[in-house]
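For reference, the structure discussed in these notes is given below.
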Amino acid sequence: MNDTKYVVKLDEFEGPLDLLLYLIHKNEVDIFDIPIFIITQQFLDYLDSIYSQGLEPNPEFLYMASVLVHIKSKMLIQSPAETEEEDPRTEIIAPLLDYLYVKELSKTLDSLDMLYRDTFPRQPGSFLQEILQNTEREVDADLTRLMEAFKRITGGAPHVKISVRPPKWTVKEKFEEILSLRNTGTLTLGHLFSISSCLEEFLVFFVALLEVIFNGLASVCEDNGEIEIKFN
Amino acid sequence: MDDKLELIIEAIIFSSDHPVTIKELLSVLNEYTYKDIRTALENLTLRYQTLKRSFHLVEVAEGYQFRTKKEFSPYVQKLYLSSPYKLSTAAMETLAIIAYRQPISKLEIENIRGVDCSHTIKVLVEKGLVRVVGRKDIIGRPLLYGTTRRFLEVFGLKDISLLPEVEDITKSDTSAKTGLESKEEREHERID
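So the sequence lines, in the order shown, correspond to chains A and B.
Here my numbering is used: the first residue of the first sequence is 30, the next is one more, and so on.
Here my numbering is used: the first residue of the second sequence is 430, the next is one more, and so on.
Take a look at the structure:
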C-alpha cells in the first residue's frame with residue numbers, strides 16, 4: 030500500500046449545521062421542536078457511515094455530535110413538569126436559524142448575474158494589454174501588497190539573529206535620509222535595500238518610508254515589479 | 430437631447446477594458462457637465478434596453494460597461510473558458526456572509542458556518558473578491574474582512590448598498606418551521 034492521501038470531498042454537507050438542517054428537513058420536523066433522539070441517532074449514523082469508509086469525520090462533526098448527545102442527556106433528566114427550565118435544545122436553534130439565513134443570502138448572491146458565468150464584458154486586445162502593462166499605474170496598495178513586496182525583496186537576505194541593544198537607526202533619521210534622496214533621480218524600494226547594511230536597517234527604512242507616505246510627502250507606484258517612490 | 434455626447438460616451442465605453450466611471454468621462458469631456466454626462470448615460474442605457482440586442486449597458490462598481498445578456502452566456506463561455514467560472518458552495522456561503530455582514534472576522538464567519546473557513550477565505554482573497562479591511566478592536570486584534578471593488582464588478586453591483594435584501598426568516602416569523610417550506614404553507618398554518 031502506498032501512503033498517498035486522497036482528499037475526498039465525500040460530504041455532500043458543508044458542515045455539521047448543514048447536515049442537521051438536512052436531517053430536520055428530511056424528517057419534516059419543526060426547527061423549534063427538534064425530536065432530539067431521532068436527529069441525534071441519524072447524525073451519529075452519518076458519522077458511522079464515514080468511519081465505515083475508512084475515513085475520519087471533521088472535528089466539527091464530532092463536536093456537534095457531543096453537543097447533541099449532551100442535549101439528549103439533559104432532556105432525559107429534565108422532568109416534563111419543570112417548565113421553568115430552559116429547553117436544552119435552545120443551544121442549537123439559534124445557530125441553525127442563523128445558518129439557514131446565510132444559506133438564503135448565499136442563494137440570493139448566487140442568483141445575481143455573475144461576471145464570466147452569466148455575463149461577459151468586452152475583452153481587451155492583447156496589444157492593448159501590452160501597452161497598459163508598460164504604463165505606470167498607481168498601486169492599489171493595501172497592507173498585504175506592501176508586505177508581499179517587503180518579503181520579496183528581503184527573500185535573499187541572511188537570517189539575522191535578534192538581540193536587544195540600543196537602536197542603531199531611528200525612524201526619524203531614516204525619514205530625513207529618504208527625504209535627502211529626493212533629488213537623486215529615481216528612488217526605488219530596492220535601492221533603499223541596497224544601501225542598507227542589514228535587514229534591521231532596511232526595516233527602519235521601510236517604517237520610515239511608510240511614515241513619509243503617511244505624511245503625504247511621497248507616494249509609491251509599481252512599475253514592472255519595482256516599487257518606485259515618488260516625491261510630491 | 431445631445432446625440433453627439435451619447436455617441437462619444439458610447440465609443441469610450443465600447444473601447445474600454447473596464448467599467449468607465451463618470452469621473453473618467455468628465456476628465457476627457459471638459460466641455461460637458463456631470464449632469465450632461467449622467468443624463469446621456471441614462472439615455473444610452475435605456476436605448477440599449479429597447480434595442481433588444483445580445484448585450485446591454487450596465488452600471489457596475491460605479492462605472493458603465495457593455496455586458497452580454499445572461500441567455501447567451503452558455504455560448505460565449507464556450508469560447509473563453511474550458512469550464513464555467515463558478516464558486517463552490519463553501520465559497521459562495523462564505524462570500525455571502527462577508528458581503529452581508531462586513532466587516533467580519535474569520536472566527537465570526539466560522540461560528541456561523543460551523544466549519545473551518547481558512548482555506549475558503551484564502552481562495553476568496555486570491556480571487557480578489559474579499560480583502561482585509563482592518564482589525565477588530567478586541568484582544569488578539571483579529572483581521573476583519575470585507576468585499577472589494579472587484580466583488581462589485583463580478584456581481585454587477587453599482588455599490589455594496591445595492592446588495593439585494595433578503596428577508597430574515599429567523600426574525601420576521603418565529604413560527605417558521607425549517608424555513609424550507611414555502612411562505613404560503615407557513616401562512617396557511619398560522620390561519621389554522
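Positions of the beta carbon are idealized from the N, C-alpha and C atoms, including for glycine.
Residues of the stretch 556-589 of chain B with a C-beta less than 7 Å from any C-beta of chain A: 560, 561, 582, 583, 584 and 585, listed in chain order. The Cβ atoms of residue 135 of chain A and residue 594 of chain B lie no closer than 8 Å to each other.
By the rule that beta-carbons nearer than 8 Å mark a contact, residue 437 of chain B does not touch chain A. In this structure the stretch 497-512 of chain B does not lie against the stretch 93-105 of chain A, because fewer than three pairs of beta carbons, one per stretch, are closer than 8 Å. Within chain A, not a single residue places a beta-carbon under 8 Å from that of residue 469 of chain B; the smallest gap is close to 20 Å.
Burial of residue 44 of chain A is indicated by the presence of at least 16 other C-beta atoms within 10 angstroms of its C-beta.
Between residue 53 of chain A and residue 68 of chain A, the gap from beta carbon to beta carbon is short of 8 Å. DSSP, reduced to helix, strand and coil, places residue 86 of chain A outside both helices and strands of the structure shown, so it counts as coil. Every beta strand (DSSP E) of 3 residues or more that sits fully in the stretch 229-254 of chain A is shown, in chain order, as 247-252. With fewer than 16 other CB atoms across the displayed protein chains lying within 10 angstroms of its CB, residue 191 of chain A is exposed. DSSP links residue 260 of chain A through a beta bridge to A/247.
The alpha-carbon of residue 597 of chain B is positioned some 55 Å away from that of residue 220 of chain A.
Nearest to residue 544 of chain B by alpha-carbon distance, out of B/520, B/477 and B/562, is B/520. If you ignore the 5 residues before and after residue 125 of chain A, its C-beta comes within less than 8 Å of the C-beta of 46, 49, 50, 53 and 60, all in its own chain and listed in chain order. Taking C-beta atoms as the reference points, residue 257 of chain A and residue 249 of chain A count as a pair closer than 8 Å. When 9 Å is used as the limit between beta carbons, residue 181 of chain A is near no residue of chain B, the shortest such separation being about 17 Å. Around residue 142 of chain A, the beta-carbon contacts reaching into chain B at under 7 Å are 499 and 585. Taking a contact to require three or more Cβ pairs closer than 8 Å, the stretch 224-237 of chain A and the stretch 201-215 of chain A qualify as touching. Rounded to whole angstroms, the gap between the alpha carbons of residue 548 of chain B and residue 181 of chain A is 23 Å. DSSP places residue 576 of chain B in the uninterrupted beta strand (DSSP E) bounded by 572-576. The Cβ of residue 597 of chain B sits closer than 8 Å to at least one Cβ of chain A. Runs of the beta strand (DSSP E) lying entirely within the stretch 185-218 of chain A and spanning at least 3 residues: none are present.
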